[in-house]
Amino acid sequence: MPAQAITEALKRVLSDLNIAAPDEKVLEHPAELEKGDYATGIALKLAKQAGMAPRALAEKIVAGLGTIPGVAKIEIAGAGFVNFFLESKVFAETVDVARSTVGKWGRNADNAGKKFMVEYTDPNPFKEFHIGHLMSNAIGESVARLIEYTGAEVKRANYQGDVGPHVAKALWGLKKLALSASDSAALGKAYAAGAGAYESDASVRPEIDAINAKVYDRSDTEVNKLYDEGRKTSLAHFEELYKMLGTKFDFYYFESETASRGIDIVRQHPDVFVQSEGAVVYHGSHTRVFITSKGLPTYEAKELGLAEMKAAAWQFDKSITVTAHEQSGYFEVVIAAMQQVQPELAQKLKHITHGMMRLPSGKMSSRTGDVITGESLLNDLIEQAKLRAQDSRADDTKQLAQDVAVAAVKYQILKQASGRDIVFDRERALSLDGDSGPYLQYAHARAHQLVERARTQSVEPEVDINAAQSDLTRLLHRFPEAVAYAAKELEPHLLTNYMLEFASAFNSWYAQEHILDGSAGSPHKVAVVDAVRATLSTGLHLLGIPAPEKM
RNA sequence: GCUCUCGUAGUUCAACGGAUAGAACGCAAGCUUGCGGAGCUUGUAAUCUGGGUUCGAUUCCCGGCGAGGGCACCA
């Protein structure tokens, strides 16, 4: 590993020069390939300490480095950067590693032996699967896969609100409109009717409040029946969506279960949670109610119970929760409260937020004025993708349309830093013109088919050590770093950006090279394409995006 | 009012205190009898504003302006 050799050589030189090495990572890869495969800015950082001009120090460092295995050239550039260019044989090795370590290419051991739980998606039974759930799912799934790739064991958790006013509204709607609780579409209609009536008709409120109480105490046979059936329908429907999105949860938590545990924890700490106007509250950066004056737990209290249930089910080192940004204030207070009552648990919790999705027109609604749900957005994209899928080479055009739609929406979510709002442009998302999920998929399918074709022509891939250095292979070499960086920051977009750059480099290279030209260089080029195929496939997997072999 | 995000090409996004601020779309000009043109090449264009810290600031700190979220019995 040249990176390690360079780092060690740098440390040795600094030690020889009696300069204290900085704690943080000294080696980086420059944004542009012209500036080398690795670079370090330590001469700039340490110039003052060494009492030298940055460039002079850089020269001194380079003089002390001597030759490093795998490094072809060392240059001093700019204000005092030291740039390292690797030998061709290093890239030849990279190509071989990428091709031969299926499912492991780019893996690291940064979290070896650690246990992580990642909670995301969190839709509510009886309600629609919203865009927000789609965003939480896309980010959470990718984060989970990235962490798995750092050697950790990961469990996926889904926390769902199966009790509360929204449920009562849906049940009221089911009864009023005489809809079937076994039809998932009817549940959405019922909720909309109930929610609307609750707002507009004051006489309806007591009815819905009464149903809400009955859901908690299960005293009404008819309500129980409707509730059980509706809950089952809803959860089964969500499973279909998870399957399409590529998520398989290990743990499911429900508010109906976390509620009583949450109340217990709050009641056990009267010094922390105090009475106020009949409710039980916590005074943090702002005051939040944990138990209402009616004695019902709020989401805050339930969260305390949830944390404990999670810890009991799985001895994690870290528990990550992905939710909408609008909940960050709430989470802050809950964690502050938890630091007092469950301190050892509180420090294992980490909250990641995502922003809101908007349409270019501004509002998140369709032409007809309906609110666009996560599900309707997906279905809409699938319909559009079907049109093109019909002309594709795919064996199963329906499956391809689905894969492309999932890629389209997930890419848009994962291409930018989480926590920020997203402007979703349907045309752009589905476009194959670059900066889209389908563009990455297309590059992968092309590489895959090319490797297949080489096999039918009996062209045996073989790396040429002397011809292995190119912009494409130099980028290939950075894949493991991109993965590690994204995993460390819990930011899938860092990998997404790399993937776009890499796919673009491949397309560019492909346009210039003739791979199966029958020449002596052909086996080498096929090996490179195979490495590209493995990288795109692995990268897409880490983003939670399907990678079809034919499009 | 308090508080949390955030403000970068025409648009949508990058940039771990460092090199000439990097892409994609758009726009302009080219490339095709192809191993998949669903592609490629070239050009175009940006750090909201005023201070401060620093050898060096898109990045850190303070003020202003602007956008979005949150601020007690919803989740």
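So the number in this note's numbering is just where the residue sits in the first sequence, counting from 1, plus 843. We put the CB at the ideal spot given by N, CA and C, even for glycine.
Here Val961 is buried: its Cβ has 16 or more other Cβ atoms, across all protein chains shown, within 10 Å. Contact annotation: the region 1066-1086 touches the region 960-977, with at least three C-beta pairs closer than 8 Å. Gln1170 carries a helical assignment under DSSP once its states are collapsed to helix, strand and coil. Look at Ser1119 here: in three-state DSSP terms it is strand. Counted as a single uninterrupted DSSP element, the beta strand (DSSP E) harbouring Ala920 occupies residues 914-920. Secondary structure note for Arg1104: its alpha helix (DSSP H) is the uninterrupted segment 1098-1110. Around the C-beta of Glu875, fewer than 16 other C-beta atoms lie within 10 Å, and the residue is accordingly described as exposed.
Pro1186 and Glu1151 have their C-alpha atoms some 12 Å from each other. Contact check for Lys1393 and Gln1292: beta-carbon distance about 7 Å, within the 8 Å limit, so the pair qualifies. Nearest C-alpha to Val1184 among Val869, Ala906, Tyr1095, Pro1113: Pro1113. For Gln1003, the enclosing beta strand (DSSP E) begins and ends at 996-1003. With distances taken between CA atoms, Ala1251 lies nearest to Leu1220 out of Arg1263, Lys1145, Leu1220. Considering only Leu1257, Ala1330, Ile1106, Pro1366, the residue with the shortest C-alpha distance to Gln1300 is Pro1366.
Pairing Ala1179 with Thr1130, the inter-Cα distance amounts to about 11 Å.
Here Thr910 is not near His1320, since their CB atoms are 8 Å or more apart.
Across the structure, Asp1314 and Ala1079 are spaced so that their CA atoms are roughly 48 Å apart.
Arg1321 sits in coil when the DSSP states are folded into three classes, being neither helix nor strand. For Ile1051, there is no enclosing beta strand (DSSP E); the enclosing alpha helix (DSSP H) has its first and last residue at 1048-1060.
Scanning its chain for C-beta atoms nearer than 7 Å, with the 5 sequence neighbours on each side dropped, one finds around Lys1253 the residues Ala981, Gly1280, Leu1386, Gly1387, Ile1388, in chain order. Between Ala1325 and Tyr1341 the beta-carbon gap is near 4 Å, inside 8 Å, which marks them as a contact.
Secondary structure note for Ala882: it is in no alpha helix (DSSP H), and the uninterrupted beta strand (DSSP E) holding it is 881-883.
The alpha carbon of Tyr1059 has as its nearest neighbour, out of Tyr1085, Phe1081, Glu1098, the alpha carbon of Glu1098. Counted as a single uninterrupted DSSP element, the beta strand (DSSP E) harbouring Ile1134 occupies residues 1130-1134.
Beta-bridge analysis with DSSP links His1194 to Thr1164. In this structure, the beta-carbon distance from Ala1102 to Gly1037 does not fall below 8 Å. Taking the Cα of His1197 as reference, the smallest distance to any Cα among Val1302, Ala863, Ser1261, Val1177 is reached at Ser1261. Bridge partners of His1287 according to DSSP: none are assigned. When the five nearest sequence neighbours on each side are left out, the beta carbons in the same chain lying within less than 7 Å of the beta carbon of Asp859 are those of Gly907, in order along the chain. In the DSSP annotation of this structure, the continuous segment of the alpha helix (DSSP H) that includes Phe1081 starts and ends at 1064-1088. If you draw a straight line from the Cα of Asp1063 to the Cα of Lys1057, it is about 6 Å long. Excluding five sequence positions before and after Asp1246, the CB atoms of its chain that fall closer than 6 Å to its own CB belong to Pro1389, Pro1391, given in chain order. Contact between Gly923 and Ala886 holds, since their C-beta atoms are separated by about 4 Å, short of 8 Å. Per DSSP, Glu1226 is one residue of the alpha helix (DSSP H) stretching across 1217-1232.
Taking the C-beta atoms as reference points, Glu1143 is found nearer than 8 Å to Val1177.
Around the CB of Val1266, fewer than 16 other CB atoms lie within 10 Å, so the residue is classed as exposed. Secondary structure note for Glu962: it is in no alpha helix (DSSP H), and the uninterrupted beta strand (DSSP E) holding it is 958-962.
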